[in-house]
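Q: Residue numbers (this note's numbering): 329 to 522.
Here you go, one structure.
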Amino acid sequence: MDEEIFVTTEYERRTLRKNRIIVVSGDIDSGTAHEFLEDIHVLLHEESKDPITIVIASPGGEAFSGFAMVRAVRLAQNSGIKVIGSVHGYACSMAFFLLQSCDERIMGKLDVLMAHGITTGFTGDMKNIESETKLLTYWHREWADLVANRCVGDYTEPGFWFEVFRDNTPQWYTAEECIEMGVVDKVDDSDYKN
């Protein structure tokens, strides 16, 4: 059976934008980042300061593309716009970081988050490897600070998150764990009530 691929058309994206919704689904790559940046900048040029909701259903993806998306979120926030991240299913890897950059972070009762370190394919000589190691260490420290500053209890220490991000072992978190840790602000279980 062929795998179905769903693509949001430009008309659908415009309709979502009118409601101040941006959907991030599938892999985060340069194409995803391009559309995300377009959507954010279109919304920033409107007069409305109503919140923007980012619906996230993503396994994550490329670090550079994700960083561009996080910067766009910060641009909206610095313009006085609240950004809400709403997980639908899962927010993993770079999508986890995108969620952490939002003002309000919501997930469903059965949704999951996953964090792990940024990985790279080292190539080249020792200087290349040293340069990439320096960059990865910098990124891991920055992300550890970002996440720790949003957490509660034992999870407010950047050192805890730095150790999580030092390797590529997936760390899966349930909605209950996410609330306990402070990596989300709210669990919406309304979809699961009769």
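Cβ atoms here follow ideal geometry from the backbone N, Cα and C, with glycine treated the same way.
Rounded to a whole number of angstroms, what is the C-alpha to C-alpha distance between S407 and L365?
A: One C-alpha to the other measures close to 15 angstroms.
Q: Of all the CB atoms in chain B, is at least one closer than 8 angstroms to the CB of D431?
A: Note that chain B does not occur in the displayed structure, where there is just one protein chain.
Q: So, is I380 buried or exposed, given that buried needs 16 or more other C-beta atoms within 10 angstroms?
A: Label assigned to I380: buried.
Q: Give the DSSP bridge partners of R433, in chain order.
A: For R433, which the question treats as bridged, DSSP gives the partners G413.
Q: In terms of residue numbering, what span does the alpha helix (DSSP H) encompassing D473 cover?
A: Here the alpha helix (DSSP H) through D473 covers 454-478.
Q: Could you pull out every residue in the same chain whose Cβ sits closer than 6 angstroms to the Cβ of E470, ignoring the five residues on either side in sequence?
A: So the list is empty, once near-sequence residues are dropped.
Q: For Y466, is the classification buried or exposed, using 16 other Cβ atoms within 10 angstroms of its Cβ as the cut-off for buried?
A: Burial call: exposed.
Q: Output yes or no for whether 8 angstroms exceeds the beta carbon distance between G388 and F424.
A: For G388 and F424, yes; Cβs fall inside 8 angstroms.
Q: Let me know the secondary structure DSSP gives G498 once reduced to three states.
A: According to the sequence provided, residue 498 is Pro. The question's Gly does not apply to it. The answer is coil: DSSP assigns P498 none of H, G, I, E or B.
Q: Pick helix, strand or coil for P379, following the three-state DSSP scheme.
A: P379 falls in the coil class under three-state DSSP.
Q: Nearest to D482 by alpha carbon, out of Y418, M509, Q499, R342?
A: Here the closest residue by C-alpha is M509.
Q: For M442, which beta-bridge partners are listed by DSSP?
A: Paired residue(s): C420, W500.
Q: Tell me which same chain residues have a C-beta within less than 7 angstroms of the C-beta of V440, skipping the five on either side of it?
A: Excluding residues within five positions, the ones whose Cβ falls inside 7 angstroms are Y418, W500, Y501, T502.
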